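To start, the structure under review is shown below, and the notes come after it.
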Amino acid sequence: MMACGDELLLRWHGLNNDGEPYRHEVRRFVTRRQVGRDVVFVVREPHLAELEGGSLELSYRVTSKQLPAGLVSDPLPLVIGDVPTHLLPPIANDAVGGSLDPGRVPEGTQVTVRPYSRMAAGDRILLIASRDSKPLWRDELDIEAYAVGREVSFWIEHSNIAPHLGGSLSLTYVVRRGLLVRRAESLSIRIGPLVRPALKAPVILEAHDGWLDVDALDDAATVVIDGVGLEAGELVWFQCDGTYFTVRECSITEATAGQTVVFKVPAAYWRDQRDRAVCFFYQIERLDDVSQRSATVTLQVRSGLPGGGKPHAE
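Using the working numbering, read the sequence shown as starting at 2 and increasing by one per residue.
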């Protein structure tokens with residue numbers, strides 16, 4: 002029996018359809034008129050929508066002067082919406098551009114499984130490696146309560162990687178819970194150093210046929226770097242060499258991976274290079290400790306070009 006002044010905390014804790022934790026809590030106090038009556042909590046639609054396709058554990062805690070340690074209810078497990086039919090593929094942490102070089106991982110490498118929808122204590126994850134559709138080896142991991150909603154990992158020894166140099170491995174995992182089995186998408190990894198094509202030359206949008214008219218610039222010249230297969234964690238830097246040099250750099254994030262990189266070089270720099278040649282290039286610091294540099298482009302900087310300020314080739 003609850004007493005006047007008791008506090009109730011409703012815990013709405015779950016995992017969304019990407020396996021990410023979502024928490025919502027509501028506090029209520031018991032007034033004298035509510036003693037002996039049901040206490041009603043209303044959870045609004047937005048908190049349901051956050052867990053669509055995921056799972057939920059609903060519980061409550063009572064704090065009372067009669068119960069110094071408090072009282073916590075057993076959780077009520079619930080599922081929200083439809084069960085997703087797919088699981089995200091595993092991640093090979095040291096792979097770059099879809100390739101894993103055994104020479105870079107002499108001790109072995111880690112494979113990460115991201116949190117998945119309806120992840121729960123008691124799940125068993127089976128990581129399976131295969132080549133040409135033939136199973137090679139597997140490992141297992143039991144999910145405990147402290148791992149729910151978090152990334153988990155497996156370790157692959159170097160001896161399980163090196164023999165497949167020049168070939169490809171397929172990694173997938175299966176989640177088992179009782180009779181329920183869910184299989185993830187496969188990750189294909191080429192075993193060997195990544196062979197990259199030469200970098201494309203940088204482009205300055207305001208330049209034409211090797212000329213740049215400083216009088217036609219507004220605030221800056223726009224440098225575009227495209228089609229270079231950038232990954233999160235890589236660094237791109239751009240350099241102009243004239244009477245003095247200027248450098249711009251950009252760190253690639255998950256949000257900008259694979260996208261075009263744009264730098265702005267102020268018009269003041271180009272005015273200082275009037276009637277001179279400026280060389281420019283860019284360099285990428287890759288995840289596998291490789292530095293790639295583009296070809297160097299030379300641009301003639303002029304002022305008041307004939308034809309109403311339009312650039313032309315000589």
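Ideal placement from N, C-alpha and C gives every residue a C-beta, glycine not left out. Computed from a predicted structure; not experimentally measured.
Of the candidates Ile253, Ala185, Ala148 and Pro136, the residue whose Cα lies closest to the Cα of Ser169 is Pro136. For Asp242, the secondary structure class from DSSP, reduced to helix, strand or coil, is strand.
Contact check for Arg119 against Val80 passes: the beta carbons are separated by less than 8 Å. Leaving aside the five residues that flank Thr299 on each side, the residues in its chain whose CB is nearer than 6 Å to its CB run, in chain order, Ala278 and Cys280.
Runs of the beta strand (DSSP E) lying entirely within the stretch 262 to 300 and spanning at least 3 residues, in chain order: 262 to 267, 277 to 286 and 292 to 294. A Cβ-Cβ separation of about 15 Å leaves Gly234 out of contact with Ser100 under the 8 Å criterion.
Taking 8 Å as the upper bound for CB-CB distance, Val40 and Arg29 are in contact here, some 6 Å apart. Per DSSP, Pro69 lies in no alpha helix (DSSP H) segment; the continuous beta strand (DSSP E) that holds it begins and ends at Leu68 to Val73. Three or more Cβ pairs closer than 8 Å define a contact, and the stretch 249 to 268 meets that threshold against the stretch 212 to 232. For Pro267, the closest of Ile285, Trp212 and Glu207 by C-alpha to C-alpha distance is Glu207.
Pro91 counts as buried, since at least 16 other C-beta atoms from the protein chains shown sit within 10 angstroms of its C-beta.
Excluding residues up to 5 positions away in sequence, Glu53, Gly54, Gly55, Pro85 and Ser118 lie with their Cβ nearer than 7 Å to the Cβ of Asn18 in the same chain.
If you draw a straight line from the Cα of Leu9 to the Cα of Ser74, it comes to about 11 Å. Of the residues Trp238, Asp140, Thr254 and Val229, the one whose Cα lies closest to the Cα of Thr247 is Trp238. Under a 10 Å Cβ-count criterion, Tyr270 is classified as buried, with 16 or more other Cβ atoms of the shown protein chains found around its own Cβ. Beta-bridge analysis with DSSP links Thr113 to Ile92 and Ser154. Around the beta-carbon of Tyr245, fewer than 16 other beta-carbon atoms lie within 10 Å, marking it exposed. Comparing alpha carbon positions, the residue from Asp124, Leu89 and Gly104 closest to Val112 is Leu89. In the same chain as Leu49, and ignoring 5 residues on each side of it, the C-beta atoms closer than 7 Å to its own belong to Ile81, in chain order.
Counting of Cβ neighbours within 10 angstroms places Val204 among the exposed residues, the total staying below 16. In terms of Cα proximity to Gln301, the closest of Trp156, Arg33, Gln274 and Leu59 is Gln274.
Taking a contact as a CB-CB distance under 8 Å, the pair Leu142 and Arg177 does not count as one, their CB atoms being some 11 Å apart.
In this structure, the alpha-carbon of Leu200 lies about 8 Å from that of Ala296.
Positions of the alpha helix (DSSP H) runs, each at least 4 residues long and wholly inside the stretch 200 to 246, cannot be given because no such run exists.
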